[in-house]
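Undergrad: FYI, in our numbering the residues of the sequence shown are 1 to 296.
I'd like to ask some things about the structure below.
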Amino acid sequence: MIITIENDFFKADISTKGGELQNLIDKKRGKDIIWRGDKSVWGNHAPILFPFIARCLSGYFIIEGKKCEYSRNHGFGRDLEWNCIRQEKESADFELTQSEETIYRFPYSFSLKTEYQLTEKGINWKITVKNTDNKAFKFSTGTHAAFSLNGNKAEDFLIEFEKKDALTAVSCSPEGYLKTDNEGKLITQAYGEKESGIIPVTSSGFGNGHLFTNITSDWVGLRNLKDNSIVKIQTKGFPYCMIWQNKSGSPQFVCIEPWHGLPDAENTNHIWTDKIGLVELAPGKEFICIQNIEAE
1 MIITIENDFF KADISTKGGE LQNLIDKKRG KDIIWRGDKS VWGNHAPILF PFIARCLSGY
61 FIIEGKKCEY SRNHGFGRDL EWNCIRQEKE SADFELTQSE ETIYRFPYSF SLKTEYQLTE
121 KGINWKITVK NTDNKAFKFS TGTHAAFSLN GNKAEDFLIE FEKKDALTAV SCSPEGYLKT
181 DNEGKLITQA YGEKESGIIP VTSSGFGNGH LFTNITSDWV GLRNLKDNSI VKIQTKGFPY
241 CMIWQNKSGS PQFVCIEPWH GLPDAENTNH IWTDKIGLVE LAPGKEFICI QNIEAE
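Laid out in structure tokens, this is it:
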């Protein structure tokens, strides 16, 4: 089911599948903010990632002593039907809870909510994870918003970090798995951009993605060099941010992905509690992250 919300400035469609933002239209500029999706290129738009992020080596984790299998990256949150628990003209909230479809892959009781609220500048986007179990659990969450190039060339854009500090990249294998040192810790390095906090977008893309940490910026944006407009997504409070774009044909979008989590390490032991980057949540507690999107 598609839920539509609208104000004088923006219009958004949200699917109950994945609680996913399907599009965000800037009515004033007549532009798509969020990629509308093309399955021949990349069929998603702005998926919510849970309970893990990115690649799962060999397709399984060991959780509570049991083998929990996954056939896709980024967990199950994006693939399941969510309940629309509140809908108004300019806002809507959705929730996913444990079920027969989740319990064999993530053996805990939880509530995963996403809240969308249109504003004059864009859309406020809040995700809340609540531990409704009687024991603590670990998880990851984040988003994978694809920002449309609206038919323009990739070279007409750049990625801009709010603060022009030198960027720190997380080292990953060509397949997208983490590289770690002898103590199992992340390996990081200077990204080496020519201008601090600025990354040109090109038709050659970002491979399996460029992953950043130690982020000092409250937002990261996609700047259109033709009209100087910019679309920003909030990264404040997020320890990691991935930049990725489609590989099929000419680039049509760029993903800016604030994450609370990381891909598997290339030498993982598959034990869930040993996985790098997970968030631990006590029974009855909530974890909130906000990734508001604004267009200027």
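For glycine and all other residues, C-beta sits at the position ideal for the given N, C-alpha and C.
Remember, predicted model here, so these are calculated numbers, not experimental data.
Can you tell me whether Gln-189 is buried or exposed? The criterion is at least 16 other CB atoms within 10 Å of its CB, across all chains shown.
TA: That one is exposed.
Undergrad: If we ignore side chains and look at the alpha-carbon of each, how far apart do Ile-63 and Ile-33 end up?
TA: So the alpha carbons of these two residues sit roughly 38 Å apart.
Undergrad: With Leu-222 and Val-231 assumed to form a contact (beta carbons below 8 Å), what rounded beta-carbon distance in angstroms separates them?
TA: Right, their Cβ atoms sit about 5 Å apart.
Undergrad: Grab the span of the beta strand (DSSP E) containing Glu-69 for me, first residue to last.
TA: Residues 66-69.
Undergrad: At the level of alpha carbons, what is the spacing between Asp-165 and Asn-124?
TA: Approximately 26 Å, taken between the alpha carbons.
Undergrad: Helix, strand or coil: which one does DSSP assign to Ser-99?
TA: Correct three-state label for Ser-99: coil.
Undergrad: Considering only residues of the same chain and omitting the five flanking positions on each side of Glu-294, which have a CB-CB separation below 7 Å?
TA: Correct list, in chain order: Lys-121, Gly-122, Lys-232.
Undergrad: Rounding to the nearest angstrom, what Cα-Cα distance links Asp-133 and Tyr-108 in this structure?
TA: Straight-line Cα distance between these residues: approximately 6 Å.
Undergrad: Answer yes if the segment 133-149 comes into contact with the segment 174-192, meaning at least three C-beta pairs across the two stretches below 8 Å, and no otherwise.
TA: Judged by Cβ distances under 8 Å, the segment 174-192 makes no contact with the segment 133-149, as fewer than three pairs qualify.
Undergrad: For Lys-179, list the residues DSSP reports as bridge partners.
TA: None, per the DSSP bridge assignment.
Undergrad: With distances taken from CA atoms, which of Tyr-104, Thr-141, Lys-11 is nearest Leu-281?
TA: Minimum Cα distance to Leu-281 is reached at Thr-141.
Undergrad: By the 10 Å Cβ neighbour count, where 16 or more other Cβ atoms means buried, how is Lys-299 classified, buried or exposed?
TA: Residue 299 cannot be examined here, being either before or after the span of the chain that is shown, 1 to 296.
Undergrad: With a threshold of 8 Å (Cβ to nearest heavy atom), would Ser-250 be considered close to the ligand FMN?
TA: Summarising the ligand content, the structure contains no ligands, and the ligand FMN is consequently not present.
Undergrad: Using the beta-carbon count (16 or more within 10 Å), is Lys-66 buried or exposed?
TA: By the neighbour-count rule (16 or more Cβ atoms within 10 Å), Lys-66 is not buried but exposed.
Undergrad: Under DSSP, the beta strand (DSSP E) around Pro-263 begins and ends at which residues?
TA: Counting along the chain, Pro-263 falls outside any beta strand (DSSP E), and DSSP gives it neither H nor E.
Undergrad: Taking the alpha carbon of Glu-195 as the point to measure from, which residue in Asn-228, Trp-35, Phe-161 has its own alpha carbon closest?
TA: Taking only the C-alpha atoms, the option nearest Glu-195 is Phe-161.
Undergrad: Roughly how many angstroms separate the alpha carbons of Arg-55 and Ser-204, rounded to a whole number?
TA: Spanning the two alpha carbons is a distance of roughly 22 Å.
Undergrad: Using a 10 Å radius around the Cβ and a threshold of 16 neighbouring Cβ atoms, would you call Lys-285 buried or exposed?
TA: Exposed: under 16 other Cβ atoms inside 10 Å.
Undergrad: Taking contact to mean 3 or more Cβ pairs, one atom from each stretch, closer than 8 Å, check whether the segment 238-253 and the segment 36-55 are in contact.
TA: Touching, yes.
Undergrad: Should Asn-208 and Glu-257 be called a contact, given that it needs their Cβ atoms to be closer than 9 Å?
TA: No, they are not a contact pair.
Undergrad: Buried or exposed for His-234, going by 16 or more other Cβ atoms inside 10 Å?
TA: Looking at the sequence itself, residue 234 is Gln, so the reference to His does not match. Result: buried.
Undergrad: Could you give the first and the last residue of the continuous beta strand (DSSP E) run that contains Val-41?
TA: No beta strand (DSSP E) holds Val-41; DSSP gives it neither H nor E.
Undergrad: Using DSSP's beta-bridge definition, name the partner residues of Ile-123.
TA: Ile-123 pairs with Leu-118, Ile-293.
Undergrad: In angstroms, rounded to a whole number, what distance separates the CA positions of Thr-119 and Asn-269?
TA: In a straight line, the C-alpha of Thr-119 is about 45 Å away from that of Asn-269.
Undergrad: Since His-144 and Cys-255 should fall inside the 8 Å C-beta cutoff, what is the C-beta to C-beta distance between them, to a whole number of angstroms?
TA: Sure, about 6 Å apart at Cβ, within 8 Å.
Undergrad: Indicate the three-state DSSP secondary structure (helix, strand or coil) for Ala-154 in the structure shown.
TA: Correct three-state label for Ala-154: helix.
Undergrad: Using the three-state DSSP reduction, which class does Ser-58 fall into: helix, strand or coil?
TA: Helix at Ser-58.
Undergrad: If you run the structure through DSSP and keep just helix, strand and coil, what is Asp-26?
TA: It is a strand residue.
Undergrad: Where DSSP assigns a beta bridge to Met-242, which residues make up the other side?
TA: Partner(s): Leu-211, Glu-257.
Undergrad: Flag this pair as yes or no: are the beta carbons of Lys-17 and Asp-93 separated by less than 9 Å?
TA: The answer is no: Cβ separation not under 9 Å.
Undergrad: Around the Cβ of Lys-301, are there at least 16 other Cβ atoms within 10 angstroms (buried) or fewer (exposed)?
TA: The question about residue 301 has no answer here: the residues shown for the chain are numbered 1 through 296.
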